[in-house]
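In the working numbering, the protein residues as written are 4 to 469. The beta carbon of each residue, even a glycine, is placed where N, CA and C say it ideally should be. Below: one structure, written as structure tokens.
If you want it as structure tokens, here you go:
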């Protein structure tokens, strides 16, 4: 009979091993033997999902959790992770779970509900003064007002994820106080709800290295509010800004920024601000991130730039060597002027999205940005197939579809030609068009008619798998 090495381990070590399993799996070990029957109760953590219980008995999650916390009350907890359906769980008193977890030294607290609560005190006040929390994730939960008597202090918290949180409307600075009370915070994600009652997301942190903010656009059934984001983090290295809410965005002291992912329209069509004020908002934001080395920029953001700045007056990005940009058809006409902002660019990826109207003008042949002459080594051009493209191909005749594909490809090839004929040090050009786009004409033959200014340039044609 094989030697059972696991059973030879002490109970304390087995409990630590079971900590890495979801609770439903650690409970299953209770059938192994009499010794294992209650070992799962000694695991210093809880990880539950309402789907772990039968649909007709999902309310048992409360009974189960109460039992777990009641047993071994002196046991320190490493993690407390729970995801539940608010409609199938009796929520009264569950804030006591989270208070107990915090008071017992939890380092990881993860609370996720499927639906937003109707009340704003799901989380206890202990959430603001944990001495042990390292990671905090809250989704669709309510946050109470700490008030003046509770001083926010989370000295060990390094990672915080706040998604669709219902903040107390008694204090508009509640989120700012929470962030400022985390002196070693390194990773912050904030996903804002459409009816977020924190108008200004103000993030000021010397320790922050990664910051992600995300929010949707506006709905007609939700009253319009003016939102803003202010970020002041001299140690920040990565920022993802996908915000359809905020009309004012201020970035300061981002001197260590390595990468930024931007997808925002700056709400240029909303709010009671003048055109000059909108221009200033957009220009100031790009000035604030101008030290970045790698930038990803969406079509929505480029359209905002085109509308207010005509892509000609944003800051110069001296440090930027890698750029990924999504261009729709009509924006290709200002590609040369846009590239003038990146004099030391080495790697360029263009995601091309076809738009039927308006038709683009010719690329500006007299404008050759500095990067094409001195630094640009690699260009990758990828066609993006949208849902509208797929719908057209299914509803229009084959003849019409072919004509539209020819028009689309002619725009793409104009961009290819411009890059080939003006790039002095280009080493590699990669084209990735859809099979349908490649079928309307022979891409290789078209390329053979273009002049390569860089003799070292290799051209690769790749067909993506759909």
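Below 8 Å CB to CB, which residues in the same chain sit around residue i once its five sequence neighbours on both sides are set aside?
i: residue 303; result: 266, 267, 268
i: residue 16; result: none
i: residue 370; result: 339, 340, 343
i: residue 88; result: 53, 61, 116, 117, 118
i: residue 37; result: none
Round the Cβ separation of residue i and residue j to the nearest angstrom and send it over; I've been treating them as touching at under 8 Å.
i: residue 49; j: residue 32; result: Residue 49 to residue 32, Cβ: 15 Å. No contact.
i: residue 79; j: residue 107; result: 6 Å
i: residue 352; j: residue 383; result: 5 Å
i: residue 355; j: residue 386; result: 5 Å
i: residue 423; j: residue 456; result: 7 Å
i: residue 176; j: residue 211; result: Going by Cβ atoms, the distance from residue 176 to residue 211 rounds to 18 Å, so no, they are not a contact pair.
i: residue 252; j: residue 214; result: Residue 252 to residue 214, Cβ: 12 Å. No contact.
i: residue 250; j: residue 229; result: 6 Å
i: residue 323; j: residue 295; result: 6 Å
i: residue 178; j: residue 160; result: That pair is no contact at about 14 Å.
i: residue 348; j: residue 329; result: Not confirmed; about 16 Å, so no contact.
i: residue 453; j: residue 420; result: 5 Å
Looking only at its chain, what residues have a beta carbon closer than 6 Å to the beta carbon of residue i, apart from the 5 residues adjacent to it on each side?
i: residue 297; result: 262, 325
i: residue 45; result: 18
i: residue 299; result: 264, 327
i: residue 196; result: 167
i: residue 433; result: 383, 463
i: residue 461; result: 431
i: residue 102; result: 127, 129
i: residue 446; result: 464
i: residue 293; result: 318, 320
i: residue 111; result: 82, 138
i: residue 242; result: 214, 263
i: residue 10; result: none
Using DSSP's beta-bridge definition, name the partner residues of residue i.
i: residue 163; result: 139, 191
i: residue 2; result: There is no way to answer for residue 2, as the model of the chain reaches only from 4 to 469.
i: residue 52; result: 86
i: residue 264; result: 243, 299
i: residue 146; result: 170
i: residue 254; result: 234
i: residue 214; result: 191, 242
i: residue 2; result: This structure cannot settle anything about residue 2, because the visible part of the chain is limited to 4 through 469.
Taking the alpha carbon of residue i as the reference point, which residue from the options has its own alpha carbon closest?
i: residue 441; options: 154, 409, 432; result: 409
i: residue 141; options: 118, 154, 156, 426; result: 118
i: residue 248; options: 240, 216, 47, 345; result: 216
i: residue 504; options: 348, 169, 155; result: A question about residue 504 goes unanswered here, because the residues of the chain that appear run from 4 up to 469.
i: residue 380; options: 438, 289, 428; result: 428
i: residue 450; options: 416, 467, 155; result: 416
i: residue 199; options: 234, 125, 174; result: 174
i: residue 156; options: 183, 150, 436, 52; result: 183
i: residue 345; options: 154, 47, 376; result: 376
i: residue 84; options: 318, 53, 76; result: 53
i: residue 165; options: 463, 110, 230, 190; result: 190
i: residue 114; options: 132, 150, 163; result: 163
i: residue 444; options: 461, 66, 179, 413; result: 413
i: residue 144; options: 372, 467, 171; result: 171
i: residue 180; options: 241, 86, 149; result: 149
i: residue 234; options: 244, 246, 206; result: 206
i: residue 437; options: 38, 283, 147, 411; result: 411
i: residue 146; options: 187, 105, 98; result: 98
i: residue 194; options: 246, 36, 86; result: 246
Should residue i go down as buried or exposed, given a rule of 16 or more other Cβ atoms within 10 Å for buried?
i: residue 185; result: buried
i: residue 357; result: buried
i: residue 73; result: exposed
i: residue 12; result: exposed
i: residue 321; result: exposed
i: residue 34; result: exposed
i: residue 218; result: buried
i: residue 135; result: buried
i: residue 126; result: buried
i: residue 291; result: buried
i: residue 399; result: exposed
i: residue 467; result: exposed
i: residue 284; result: buried
i: residue 14; result: exposed
i: residue 23; result: exposed
Taking 9 Å as the CB-CB limit, is residue i close to chain C?
i: residue 198; result: Looking for chain C here will not work: only one protein chain is present.
For residue i, collect the residues of the same chain with a Cβ closer than 7 Å to its Cβ; drop the 5 residues on either side in sequence, then sort them by chain order.
i: residue 331; result: 302, 356, 358
i: residue 56; result: 63, 64
i: residue 317; result: 286, 289, 308, 344
i: residue 237; result: 209, 256, 258, 259
i: residue 29; result: 21, 43, 46
i: residue 153; result: 128, 131, 132
i: residue 425; result: 371, 375, 456
Using a threshold of 8 Å, is the CB atom of residue i nearer than that to any non-hydrogen atom of the ligand SAH?
i: residue 105; result: The model depicted lacks the ligand SAH and carries no ligand whatsoever.
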